[in-house]
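Okay, so here's the structure we're looking at.
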Amino acid sequence: SMLATLPADLGDRQLTYLDLQKNSRTLPLWAILRHLTNHSSYHRGQLTARLMDAGIEPPLIDLVLWAMQPQS
């Protein structure tokens with residue numbers, strides 16, 4: 028599988044980026060990937076709650092379901 032070809036230490040590698048205030052930050056890749064997953068889940072939950080508060084049945088917004096849709 029593709030995962031088997033990745034270096035074992037890939038998640039521990041450091042990635043440097045600029046934050047929104049243009050400050051240089053360095054974090055391990057595993058922390059950045061975990062944040063991306065958590066952040067998107069948080070906002071999908073916010074969207075669902077707002078729609079339900081407005082009396083609207085929210086669509087299925089699970090990332091896995093989205094990924095299974097044919098891409099055009």
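If you number the sequence shown the way my numbering does, the last residue is 99 and the count never jumps.
We put the CB at the ideal spot given by N, CA and C, even for glycine.
Where residue i and residue j are concerned, what is the direct C-alpha to C-alpha distance, given to the nearest angstrom?
{"i": "P55", "j": "D39", "result": "5 Å"}
{"i": "L90", "j": "G82", "result": "23 Å"}
{"i": "Q73", "j": "L87", "result": "13 Å"}
{"i": "A31", "j": "L37", "result": "12 Å"}
{"i": "M29", "j": "A35", "result": "13 Å"}
{"i": "K49", "j": "Q41", "result": "18 Å"}
{"i": "Q98", "j": "L92", "result": "12 Å"}
{"i": "L58", "j": "M95", "result": "The amino acid occupying residue 58 in the given sequence is Ala; Leu does not appear at that position. Those two C-alpha atoms are separated by around 26 Å."}
{"i": "L33", "j": "T75", "result": "35 Å"}
With residue i and residue j assumed to form a contact (beta carbons below 8 Å), what rounded beta-carbon distance in angstroms separates them?
{"i": "T53", "j": "T43", "result": "5 Å"}
{"i": "L45", "j": "S51", "result": "6 Å"}
Tell me which same chain residues have a C-beta within less than 8 Å of the C-beta of residue i, skipping the five on either side of it?
{"i": "L78", "result": "E84, P85"}
Using a threshold of 7 Å, is the CB atom of residue i nearer than that to any non-hydrogen atom of the ligand SAH?
{"i": "L45", "result": "Ligands displayed in this structure: none; no statement on the ligand SAH is therefore possible."}
For residue i, which beta-bridge partners are listed by DSSP?
{"i": "T53", "result": "T43"}
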